[in-house]
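Notes follow once the structure below has been shown.
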Amino acid sequence: MELAEEIRALKEGRDAVLLAHNYQRPEVQDVADYVGDSLYLARRARESERSVIVFAGVRFMAETAKILNPERTVLLPDPKAGCGLADAITAEQVRAWKTQHPGAAVVAYINTSAEVKAEADYCCTSSNAVKVVEQVPADREVLFVPDLFLGDYVRRRTGRRIHLWAGDCPVHAKLRPEELAGARAAHPGAPVIAHPECGCASQVLPEVDRVLSTDGMVRFAEETRAPEVIVATEVGILHRMRRLNPATRFTPLDAGAICPYMKEIDLADVRDSLAEMRYRIDVPAPTAAKARGVLERMIAT
Ligand code: 13P
Ligand code: SF4
Numbered sequence: 077m078e079l080a081e082e083i084r085a086l087k088e089g090r091d092a093v094l095l096a097h098n099y100q101r102p103e104v105q106d107v108a109d110y111v112g113d114s115l116y117l118a119r120r121a122r123e124s125e126r127s128v129i130v131f132a133g134v135r136f137m138a139e140t141a142k143i144l145n146p147e148r149t150v151l152l153p154d155p156k157a158g159c160g161l162a163d164a165i166t167a168e169q170v171r172a173w174k175t176q177h178p179g180a181a182v183v184a185y186i187n188t189s190a191e192v193k194a195e196a197d198y199c200c201t202s203s204n205a206v207k208v209v210e211q212v213p214a215d216r217e218v219l220f221v222p223d224l225f226l227g228d229y230v231r232r233r234t235g236r237r238i239h240l241w242a243g244d245c246p247v248h249a250k251l252r253p254e255e256l257a258g259a260r261a262a263h264p265g266a267p268v269i270a271h272p273e274c275g276c277a278s279q280v281l282p283e284v285d286r287v288l289s290t291d292g293m294v295r296f297a298e299e300t301r302a303p304e305v306i307v308a309t310e311v312g313i314l315h316r317m318r319r320l321n322p323a324t325r326f327t328p329l330d331a332g333a334i335c336p337y338m339k340e341i342d343l344a345d346v347r348d349s350l351a352e353m354r355y356r357i358d359v360p361a362p363t364a365a366k367a368r369g370v371l372e373r374m375i376a377t
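Each residue of the sequence shown is one higher than the one before, counting from 77 in the working numbering.
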């Protein structure tokens, strides 16, 4: 039997749903029940009625699914699927930063560990970061963790007093304004869409036509009539874009923008995960209880 068929059969047998992020390998996306960005997948996890959630993504996404669904089994098919950005801050560092800014509200990007979320007042994803920060009472300063570029983008959009943690994503931070200028010159007239984690998204905003979450980029791709679009994010997203809109040429700003964490999981890992019910994600109850409130509010925003 083919791996994809085996996975479909195991999913039914285990009463499992398979969620996959937009950066996953094409063959993993193709066998998933739902493919999307962090917010969409958190919502799908929250609403799932299956006993088991298999998360083809990275650890913080699987932890989020577990916190929102403590009674269900959540599996991450490869334990090495972490996130360089989530590693940029620890809960202890958040606690220390808070003592330097008493009264400030901590807004944690979803790309953080469960322990960091448990220290936060708000949690956001790339698709609702501006809306979440606008919910913070106007007289409170904001401590935004851990992504410098997303935080800077939100600061420009909201005009709020936001302190930025100096973390970044190793894949997106290297997509710089110089690369963007080169692509503009080489592909005149092609719109540029960028993820807000990009080094170019915050610094040269006027150069970028749209700053979007990965699902926002997929929707843009579906709707555009432009002959060519420059895509500034991880290249795994091109699979969906090209399938949804074969008439447009989707050109990556950097064909080497590949997230090694997102590529850890392959079809054999998904099959083994379902067959052997591994690797189970558990979040200690006190941490989960503290993080659940900010996550519930995030998925409602
Ligand atoms: P999205 O929520 O936009 O999919 O972003 C997740 C991520 O890890 C981007 O690097
Ligand atoms: Fe983390 Fe960057 Fe990979 Fe997204 S692309 S999962 S932020 S390392």
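A virtual CB, placed ideally from N, CA and C, is assigned to each residue, including glycine.
- Relative to the ligand 13P, the beta carbon of residue 201 is positioned inside 6 Å of a heavy atom.
- Distance between residue 230 and residue 206, taken at the CA atoms: about 6 Å.
- In the three-state reduction of the DSSP assignment, residue 177 falls in the coil class, being assigned neither a helical nor a strand state.
- Apart from the 5 residues on each side of it in sequence, residue 249 sits with its Cβ closer than 6 Å to the Cβ of 275 in its chain, given in chain order.
- Taking non-hydrogen atoms of the ligand SF4 into account, the C-beta of residue 161 is found less than 6 Å away from one of them.
- Note on geometry: alpha-carbon atoms of residue 183 and residue 98 lie some 24 Å from one another.
- Partner residues in the beta bridge of residue 286, as assigned by DSSP, are 269.
- Between residue 291 and residue 113, the C-beta spacing is below 7 Å.
- Nearest to residue 311 by C-alpha distance, out of 100, 82, 348, 197, is 100.
- Secondary structure remark: continuous alpha helix (DSSP H) runs of at least 4 residues inside the stretch 156–222, in chain order: 167–176, 190–194, 205–211.
- Under the three-state reduction of DSSP, residue 243 is assigned to strand.
- For residue 276, the shortest separation between its Cβ and any heavy atom of the ligand SF4 does not lie below 6 Å.
- Using a 10 angstroms sphere on the CB of residue 301, the tally of other CB atoms stays under 16, which defines it as exposed.
- Distances from the alpha-carbon of residue 169 to those of 192, 269, 137 put 192 closest.
- Annotation for residue 229: the continuous alpha helix (DSSP H) segment containing it runs 224–234.
- Considering only 161, 153, 357, the residue with the shortest C-alpha distance to residue 104 is 153.
- Here the alpha carbons of residue 315 and residue 307 stand approximately 12 Å from one another.
- Around residue 325, the same chain offers 303, 304 as residues with beta carbons nearer than 7 Å, after the five sequence neighbours per side are excluded.
- Exclusion of the five residues before and after residue 109 leaves 93, 94 as the residues of its chain whose Cβ lies within less than 6 Å of its Cβ.
- The beta carbon of residue 196 is closer than 6 Å to those of 182, 184, 370 in its chain, skipping five residues each way along the sequence.
- Of 224, 245, 215, the smallest CA-CA separation from residue 309 is found for 245.
- For the pair residue 179 and residue 243, the Cα-to-Cα distance works out to about 22 Å.
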